[in-house]
Amino acid sequence: MKNKSGNTPGNKSDNKTTDKKTTKKTNKNIVWLDFNNAPEQTALHKPRINTQEIKSRLIQALPAALPYLFPAGKQRGNQFMVGDLEGNPGKSLVIEMQGERAGMWIDFATGEGGDIVQLWAQVVHLDTKREFPQVIASIAQWLGGFDTAMNDSNSYMPKQTTQAPSEPPVDTLGPASAKWDYRTAEGQLLACVYRYDTVEGKEYRPWDVQTRSMRAPDPRPLYNQPQIATVDKVVLVEGEKCADALLSQGIVATTAMGGANAPVNKTDWTPLQGKQVLIWPDNDQAGRQYAEKVAAHLSKLDVVSVSMLEPPEDKPEKWDAFDAVEDGMDVQQFIEHSTQQPASQDIHYQLHTHTAREALNNPSTIPEDLIGPRVLTPAGTWLIAGAPKVGKSDFVLNLLTHAAAGLNFLCFNFPRPLRVFYAQAEIEKPYLDERYKQVIQPSYDQLERGLDNLILTSRFRFQLDEQGIQVVINAIHRAFPNPAHPIDIVAIDPFRNVYQSGLTEGDLNEDLLAFFTQRLEVILQHVNPKAALIVVHHTNKITRRMLIDDPMAAISGGGAILSYPTSLSVLAKSDEGQGPSTLSMWSELRNGPSLGTHEFQRDKAGWQEVAGSNLRLVRQRWGEMNDKEQERKRRTILEFIFNEASEGRLYTSSSLSKKLSGKYGLGSEATIRRHLR
Numbered sequence: 012m013k014n015k016s017g018n019t020p021g022n023k024s025d026n027k028t029t030d031k032k033t034t035k036k037t038n039k040n041i042v043w044l045d046f047n048n049a050p051e052q053t054a055l056h057k058p059r060i061n062t063q064e065i066k067s068r069l070i071q072a073l074p075a076a077l078p079y080l081f082p083a084g085k086q087r088g089n090q091f092m093v094g095d096l097e098g099n100p101g102k103s104l105v106i107e108m109q110g111e112r113a114g115m116w117i118d119f120a121t122g123e124g125g126d127i128v129q130l131w132a133q134v135v136h137l138d139t140k141r142e143f144p145q146v147i148a149s150i151a152q153w154l155g156g157f158d159t160a161m162n163d164s165n166s167y168m169p170k171q172t173t174q175a176p177s178e179p180p181v182d183t184l185g186p187a188s189a190k191w192d193y194r195t196a197e198g199q200l201l202a203c204v205y206r207y208d209t210v211e212g213k214e215y216r217p218w219d220v221q222t223r224s225m226r227a228p229d230p231r232p233l234y235n236q237p238q239i240a241t242v243d244k245v246v247l248v249e250g251e252k253c254a255d256a257l258l259s260q261g262i263v264a265t266t267a268m269g270g271a272n273a274p275v276n277k278t279d280w281t282p283l284q285g286k287q288v289l290i291w292p293d294n295d296q297a298g299r300q301y302a303e304k305v306a307a308h309l310s311k312l313d314v315v316s317v318s319m320l321e322p323p324e325d326k327p328e329k330w331d332a333f334d335a336v337e338d339g340m341d342v343q344q345f346i347e348h349s350t351q352q353p354a355s356q357d358i359h360y361q362l363h364t365h366t367a368r369e370a371l372n373n374p375s376t377i378p379e380d381l382i383g384p385r386v387l388t389p390a391g392t393w394l395i396a397g398a399p400k401v402g403k404s405d406f407v408l409n410l411l412t413h414a415a416a417g418l419n420f421l422c423f424n425f426p427r428p429l430r431v432f433y434a435q436a437e438i439e440k441p442y443l444d445e446r447y448k449q450v451i452q453p454s455y456d457q458l459e460r461g462l463d464n465l466i467l468t469s470r471f472r473f474q475l476d477e478q479g480i481q482v483v484i485n486a487i488h489r490a491f492p493n494p495a496h497p498i499d500i501v502a503i504d505p506f507r508n509v510y511q512s513g514l515t516e517g518d519l520n521e522d523l524l525a526f527f528t529q530r531l532e533v534i535l536q537h538v539n540p541k542a543a544l545i546v547v548h549h550t551n552k553i554t555r556r557m558l559i560d561d562p563m564a565a566i567s568g569g570g571a572i573l574s575y576p577t578s579l580s581v582l583a584k585s586d587e588g589q590g591p592s593t594l595s596m597w598s599e600l601r602n603g604p605s606l607g608t609h610e611f612q613r614d615k616a617g618w619q620e621v622a623g624s625n626l627r628l629v630r631q632r633w634g635e636m637n638d639k640e641q642e643r644k645r646r647t648i649l650e651f652i653f654n655e656a657s658e659g660r661l662y663t664s665s666s667l668s669k670k671l672s673g674k675y676g677l678g679s680e681a682t683i684r685r686h687l688r
């Protein structure tokens, strides 16, 4: 019996002779190859991923994917709405975000619809019938941040790309076990990070695309910038693996290149400007120290807020975001309900500039009003003034209760249920509770849903000095501990009880301006720079005639009271013919068109607007008197100018206003300037 070589078993001599001949012959034909430029061999053995799995991951990532596809869209409850497939603002195209129909969409304007894969294809201008592999490749690349090559219509494998010859050889470490791409917000490749698993442990090597060298770029970019650009809230973790794990759950996350070892001062953190940043540190001392160092640095930038997540006490050392996902934790719920600490109590200001051309071409939209129409805008201040006992606190309580429930109140509207903190310094708790029961009773069924959004304080008996504002800041943080859902409105009632004088050595105006900027504004900077302020204030004692002529002049205090707020309103009782429960409101808005004048009726059924009140404040007799008074002032000013000109004296509008201020019944400088226009 012969074996495969043709020799019979046991014929060792012949076998040795044959082996020697073969060896000699083979040695002459050996070709030595350099495999430094060969494709990564690990890519050849990576398992295929079914398209159904890609679709499932995309559905899980809908909270991040939909704003990426449609930056102008908005989430409303369990639905995402946008104008059309081109991404224009509107509500015609509706995408389901939860439940069995998650990812299903319909455009009510055109009747088109389908699943999330078809939606993706429409947006990237691909045909699911003829170009289905490319559609799946596009989704897979966004989900995982890697390039893909299609093998059939149901699966894909990572593309087997050949390294550029100029890339350094990796034979000393073996093939890379993982690779992460760092891109700009527009998708341009900046750098790659390779991981190598060696006998001594993991080793990472960055590749700088611009210099084509194995080194970190200067400055170092942040990971996942295309996704960061589409959201307002970002989680900062340690390492790309953790960031990808959260991204697979629909949470936009990033990391600095190098994780906890990243040099903070050599990293470009600007993509986080204008964002709410939550730092998720690894559960060890190094992670906590790194988080504190980054938080201190970010607090100096123009970020909305910086906070740190506290890992659960029962988790092991080095437990991180990747472990949380691997453990099957609902990380979205964990982030929303976990203990989070404000990162820093220091406020840092920066002045950001842009050219006039950038302003003209700026594609960003105007932010939603907190109280519309344009009455209270993000970071704005609304001062509401009225005489004692006129009902301004009752008005404000009703306004805030409706804001917390997201229900319209009189002529005011709200984009959603708002989170409100009402800091009052006038009424003891039992009497405040009694008043609030009267406020909510007429519409309890509708307003009940907002009760947990409105926080009421007992009467506080201190001024808002440095210690006082810290007390308020701490109380707001306790009431709204989750930075993912920050406070929207802080209301102060009344201004005079909390005002701290003597902040400057100047006059009343300088003192008032300092109180707004160094006290009230600082509260917002600590709790939410995009929150807004409502300040309840008193008016001077003036006649009805003076009130009609210049209502804002009735507000007590110096010019800063009138110049700092973005909106001003004065409440006063209407003329006696309307009864004691009818209030008139005059308003001036800096960020929008005139609100006009309104009249409100208050009775046991609540507040209602008096029909037609926006056409004329008081009845005809007041209108006629006002018209005659305006004509008298006009003639008085003209006669004064004529007489002065005859004597050779000339004035500018400013100097003339100062000259006539308080004379001949013409009113203040501001009133005279309005007449001169």
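Add 11 to a position in the sequence shown, counting from 1, and you land on the number used in the working numbering.
Glycine is no exception: its CB is placed at the ideal position from the N, C-alpha and C atoms.
Note that this is a predicted model, so its numbers are computed, not measured.
Check, Outcome
"Identity of the residue in Q152, A414, V245 nearest L458 by Cα", "A414"
"Every unbroken alpha helix (DSSP H) within the stretch 234-260, with a cutoff of 4 residues, ordered by chain", "236-239, 251-258"
"Helix, strand or coil at V386 according to DSSP, with G and I counted as helix", "coil"
"Segment contact flag, the stretch 429-441 with the stretch 388-396, C-beta cutoff 8 Å, min 3 pairs", "no"
"Whether W116 touches G125 by CB criterion (8 Å)", "yes"
"For Q90, the three-state DSSP class (helix, strand or coil)", "strand"
"Same chain, Cβ closer than 8 Å to A297, five either side skipped, listed in chain order", "A271"
"D293 classed as buried or exposed, judged by whether at least 16 other C-beta atoms fall within 10 angstroms", "buried"
"Stretch-stretch touch, CB-based, cutoff 8 Å, three pairs: the stretch 438-445 with the stretch 473-481", "no"
"Closest by C-alpha distance to Q452, when choosing among E439, L467, L421, L408", "L408"
"Selection from Q199, V546, E97, G110 that minimises the alpha carbon distance to Q236", "Q199"
"For K400, the three-state DSSP class (helix, strand or coil)", "coil"
"Cβ-based burial, P497 [other Cβ within 10 Å; buried from 16]", "buried"
"3-residue-minimum beta strand (DSSP E) runs that sit fully inside the stretch 492-571, ordered along the chain", "500-504, 543-549"
"The stretch 264-282 contacting the stretch 487-502, beta-carbon criterion three pairs below 8 Å", "no"
"Run of the alpha helix (DSSP H) containing L69, from where it starts to where it stops", "62-71"
"Limits of the beta strand (DSSP E) - the one that G617 falls within", "617-620"
"Whole-Å CB distance - L320 paired with V288, under 8 Å assumed", "About 11 Å; that fails the 8 Å criterion."
"Outcome for I503 when other beta-carbon atoms lying within 10 angstroms are tallied against a minimum of 16", "buried"
"L312 beta carbon less than 8 Å from that of A267", "no"
"Top-ranked residue by Cα proximity to L10, from A571, K615, L687, A564", "Because the chain in this structure spans residues 12 to 688, residue 10 falls outside the shown range and cannot be described."
"DSSP three-state assignment for I377, whether helix, strand or coil", "coil"
"Contacting residues, own chain, Cβ-Cβ under 8 Å from V401 (five flanking each side not counted)", "L582, A583, K584, L594"
"Whole-angstrom distance between S672 and G678, CA atom to CA atom", "6 Å"
"K674 (DSSP reduced to helix, strand or coil)", "coil"
"The stretch 238-249 touching the stretch 209-228, judged by at least three CB pairs closer than 8 Å", "no"
"CB contact flag (S592, D614, <8 Å)", "yes"
"Enclosing alpha helix (DSSP H) for L190 [first to last residue]", "It should be noted that the sequence gives Lys, not Leu, for residue 190. Careful: K190 lies outside any alpha helix (DSSP H), inside the beta strand (DSSP E) at 189-194."
"Cβ contact (3+ pairs, closer than 8 Å) linking the stretch 106-114 and the stretch 69-76", "yes"
"Among I648, L467, T412, nearest to D456 - alpha-carbon criterion", "T412"
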